Structure formats: structure tokens, C-alpha cells
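Numbering (this note's numbering), first residue to last: 816 to 1333. Think of the CB as a built atom: it goes at the ideal place given N, C-alpha and C, for glycine as much as any other residue. Only a predicted model underlies this, so the values are computations on that prediction, with no experimental measurement involved.
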């Protein structure tokens, strides 16, 4: 193996990724989320709470707490940031050139893997620096960089290795290259969190901890051993201000836990080894330019089975042609989205019917399921032209890129209302705040999907953050700010206003971005 070639491949990968707009947007998101996830003790909540007693925000507490919460962000969002390079190579025509070079599969994939790991590691490092700045504002005691670095390496290094390895595996095997692979990884990620978390709550260190790439189980074991109690809340726990705060020791990691994290690093590289044998090497009989972003994934197979349903949207195409103008183009985008994913037609009918007939108490989960399906469906609507290599041509028509952006946003909103209108109508009669939150959430999430998609030219930035919000909102308790679409029943005027402001900011950013000259 030629190490000079590896160095060139890795450095090229890092430089290419760092120059992307999506990297800048993701970095801003990391900075914002890192401040939001660390509770201010002045508000009665703390990052780590032991038996209603808060733990002081020392370097150790902030390092292990923020790294444990950061694993949720980087475990899911990191996958969507890293993957997709193979599809870009195919669309740009570079894939054929790479496939014809004498560089072997192993060397090429290892170079890509090193570059991806360095890129994701840089994002983690930026996250750590942000927490250190937060320490200067809210923390207790001195900032100890080595304690931060040690905890971040032990908790997040296995995650970085596994995430990059899995992303490369999904990009190397054509059946997992599309949206089906994105959804499959989310399911695997959520399942892994649940299984490992259950064992961590029991205080055990079983074999399953080798697959604790997120580090949640290991960090909980370290914290519970340090405080001597299993009643530990990590995240946003309420505490009794009358109790004396606990100061956590500087060093929490035992030799056994360090060895366990090292073993997780080794296991985390196994998907890369699998990729060596499955790599398509851009072979035309395995991947095609027109289908680089849409392989025969499970979702593609389902859509093929339900292809006859696409005829149901034919009237929409006819309506779009009769109306004409921007309104007609909007209906055309809606029809094209449904025709390209025929299963969505069935899901649309099922969600509307379920929202009509289910008892009021069961309306919230039906609404959430409809919103999640809609979010996954429209995640690539604003990037569709780029994926088809028709972005410049579409921007050259009347109205240009700005009109296209606003049209695609309107189509995204219209699809969202089609999925949620029945539920919103039922809520309006008895719980108007829920109805308002649902409609406002659709407008805001649509703006985020359109803004992130157009600025980053990648559907995965929004999809990763959207699925991350979905997971956190299900497991984060009844927090108004998480109730973007009213399914928790705790949305209020303030939370609705925050989401509308976020949507307006994303929409305005996307508008200004599309006004720039190409």
C-alpha cells in the first residue's frame, strides 16, 4: 500500500469537504445545538443531576456530559454529512476515471475513509471548542483542555470510526446508496441506542457494550461509578437548589472501560472491511449516472410495487398545465413528487383516513407518523434539479433560481398540508393551539428543508437534523420547544414563534442564496 497515495487521497477528501457550503451550515448548526443542549442552572435544570442534586459544571462534567449528548448528534448527523461522495463521483463523471486508475479498491477506500474520519473529527473538535467557550460563560472552575480531549476521545472516537465506516459501506454497495439506505441507518442507530442504553441502566458491562459506538452506555457506567448512585439524569434534569452541588472527580475512566472503548474502535472499523468486498468500483453494470442517487433500495422496491398508484396523480399534471404560471409549476412539483414515489399516494390516503377515524387520544401518533413520512419524502425536493444535473437549465427559465426556490418551498408546504390537514382540522375544534403548532410546524420545517437543501445541495443535511429532532422529541420529555408540530400537546405561543422565526430565517437565507449569480 502506497502511503503517499493514501495521504493524497485523504487530504483531497478533507479539502473538498471543507470547501462545501454544507460544512459551513452544519458547523453553524453544531454551534447552535451545542448551546441549546446544555441547560443553564439558573433556570432550575442542569446537564447532570444525581438524586435531585446538580453536578457542578466543571471540565469533567461538561466534557463527559456534552460528549454523551453530542454522540446523538454526530452518530446520526455525521453519517448524512459523510456519505454521498460516491454518488457525486458518478454524477460528475469522475467515477469512471477513478475506476480506470491502477489504485486498488482497498487503498482507495482506506484513503476515502481517512479523509472522512478527519473531516468528522474536525466537526467534533469544533463542537468541543464550543463547549469550552460555554464553560467560560456558565462553568465552574478552570477550563482543563486535556480533560476535555480525553473524554471526547474515549466517548466519540469509536463513534467517528463506525459512522465513517458505515457511510463508506453504504456508498460502496449499490442497494444502499439511496434514500432507503438513509432510513435503514436511522433505524439501526435508534435500535443500537435502545439496546445499549437498557444494559447501561442495569449497570452491566456485557458483550453488547462492544457495539456501544455512541458511548452513552460507557459514559453512564463511568458517571454512576464516580457518584456512587444509579439515579443519574444526563441531559436536562431538574434539581433542588437547596441541596449542595456535587463536584465530579477529574478522572472517571477505569482501565476496563478504556479497554472497552478501544475494543469498540476495532469493531467500528468492521463495516469498512465489508466495503472492500462489496465496492462497486463505479462499474456501469452496478451503478448508472441517472440512478446514482436512487438505487434499488427497499424504498425503491416498494415504490416499484405501487407504481400503478402514480396514475392517481395524473389529474394534478393536467391541472398544473391548465393553470400555468408559478401556481401551475407548484402543482407540477407536487405531482412529480408523488409520481416519483407512488407509495406516498397510499401513505397520503392512509394518513388522511386514519386522522378521520381514530379516537382523539390516538390522533397525535397518527399526526407524527404523517409528518415524519412527509419530511423524508420532501427532503430531496429542493435538490432534485441538482441531482438530475439540470440545476442550471431549470434556473434559466422565466423567474430564475429565486422563483424555482419559492416554488419548491410552496410545493413542500402544500404536500405537508395534504398530509396533515385532516388532523389540523380536528385539533382546531378542540385544541386550537395544537392546530396552530401543526400548521406553523409544517411551514417552518418546509422552509428548513428548502433552505438547507438549496444552500448545501444535499438532502441529507436536513434529513439528518429532521430525524435527530424526531428521536429527541420522542425521548426528551414534554418540552415545548421540541413540540414543533403539536404532537406532544405542550406547544405554546413562544415555541410556535421560535419555530416560525427559524423557518423565516431559513427561507430568507435560501432566498438570498438563490439571488446570487451562478
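To which residues does DSSP link residue i through a beta bridge?
i	result
residue 1052	861
residue 868	865
residue 913	None, per the DSSP bridge assignment.
residue 1061	870
residue 1047	865
Rank the options by C-alpha distance to the C-alpha of residue i and give the top, closest one.
i	options	result
residue 1220	879, 1280 and 1329	1329
residue 1082	1300, 1038, 980 and 1129	980
residue 1278	838, 1061, 1090 and 894	894
residue 817	845, 917 and 1004	917
residue 909	1125, 1096 and 997	1096
residue 973	1314, 1084 and 1159	1084
residue 975	875, 1239 and 886	886
residue 1201	1185, 1153 and 1271	1271
residue 1170	1311, 1240, 1214 and 1248	1240
residue 1092	1249, 1185, 988 and 967	988
residue 945	1134, 1088 and 850	850
residue 1061	824, 962, 1225 and 875	875
residue 826	900, 1252, 855 and 931	931
residue 1253	1325, 1298, 1150 and 1078	1298
residue 919	820, 1071 and 1023	820
residue 1075	1033, 1058 and 968	1033
residue 1056	1286, 858 and 831	858
residue 1159	948, 1079, 1123 and 1173	1123
residue 905	1311, 1023, 1203 and 939	1203
residue 955	1242, 869, 996 and 892	869
residue 828	855, 900 and 848	900
residue 950	1237, 1007 and 855	855
residue 913	877, 831, 1070 and 1098	1098
residue 892	1300, 1213, 998 and 947	998
Distance check for residue j and residue i, CA to CA, integer angstroms please.
i	j	result
residue 1282	residue 1065	34 Å
residue 1005	residue 1140	44 Å
residue 881	residue 1001	21 Å
residue 1041	residue 1051	19 Å
residue 986	residue 1031	27 Å
residue 1244	residue 1227	26 Å
residue 1038	residue 1289	24 Å
residue 903	residue 992	11 Å
residue 1054	residue 962	25 Å
residue 1108	residue 1222	Reliability of the predicted coordinates at residue 1108 is poor, the pLDDT of 43 falling under 50, and the value obtained from them is presented with this limitation in mind. In a straight line, the C-alpha of residue 1108 is about 23 Å away from that of residue 1222.
residue 1317	residue 1263	8 Å
residue 1280	residue 888	8 Å
residue 872	residue 953	7 Å
residue 1276	residue 1191	12 Å
residue 983	residue 1088	10 Å
residue 943	residue 1067	18 Å
residue 1259	residue 1305	18 Å
residue 1078	residue 1035	18 Å
residue 1207	residue 1218	13 Å
residue 822	residue 922	11 Å
Could you give the residue range of the alpha helix (DSSP H) that holds residue i?
i	result
residue 822	818-833
residue 934	920-953
residue 966	960-987
residue 1128	Segment: none, residue 1128 is in no alpha helix (DSSP H) and carries neither H nor E.
residue 1024	Unbroken run through residue 1024: none, as it is neither H nor E.
residue 1247	1247-1271
residue 1076	1070-1083
residue 1190	1178-1193
residue 897	874-897
residue 1037	1031-1042
residue 905	900-907
residue 1161	1158-1172
### Query
Is there contact between the stretch 1033-1053 and the stretch 856-864, where contact requires at least three CB pairs shorter than 8 Å?
With the cut-off at 8 Å, the stretch 1033-1053 and the stretch 856-864 touch.
### Task
Count the CB pairs spanning the stretch 1197-1208 and the stretch 1257-1270 that are closer than 8 Å, and state whether there are at least three.
Result yes; three or more Cβ-Cβ pairs closer than 8 Å.
### Query
On the three-pair Cβ rule with 8 Å, is the stretch 833-852 touching the stretch 913-929?
Note that the stretch 833-852 does not touch the stretch 913-929; fewer than 3 beta-carbon pairs, one per stretch, sit closer than 8 Å.
### Task
Inspect the CB distances between the stretch 1119-1138 and the stretch 1177-1186 and report whether three or more fall short of 8 Å.
No, the stretch 1119-1138 does not touch the stretch 1177-1186.
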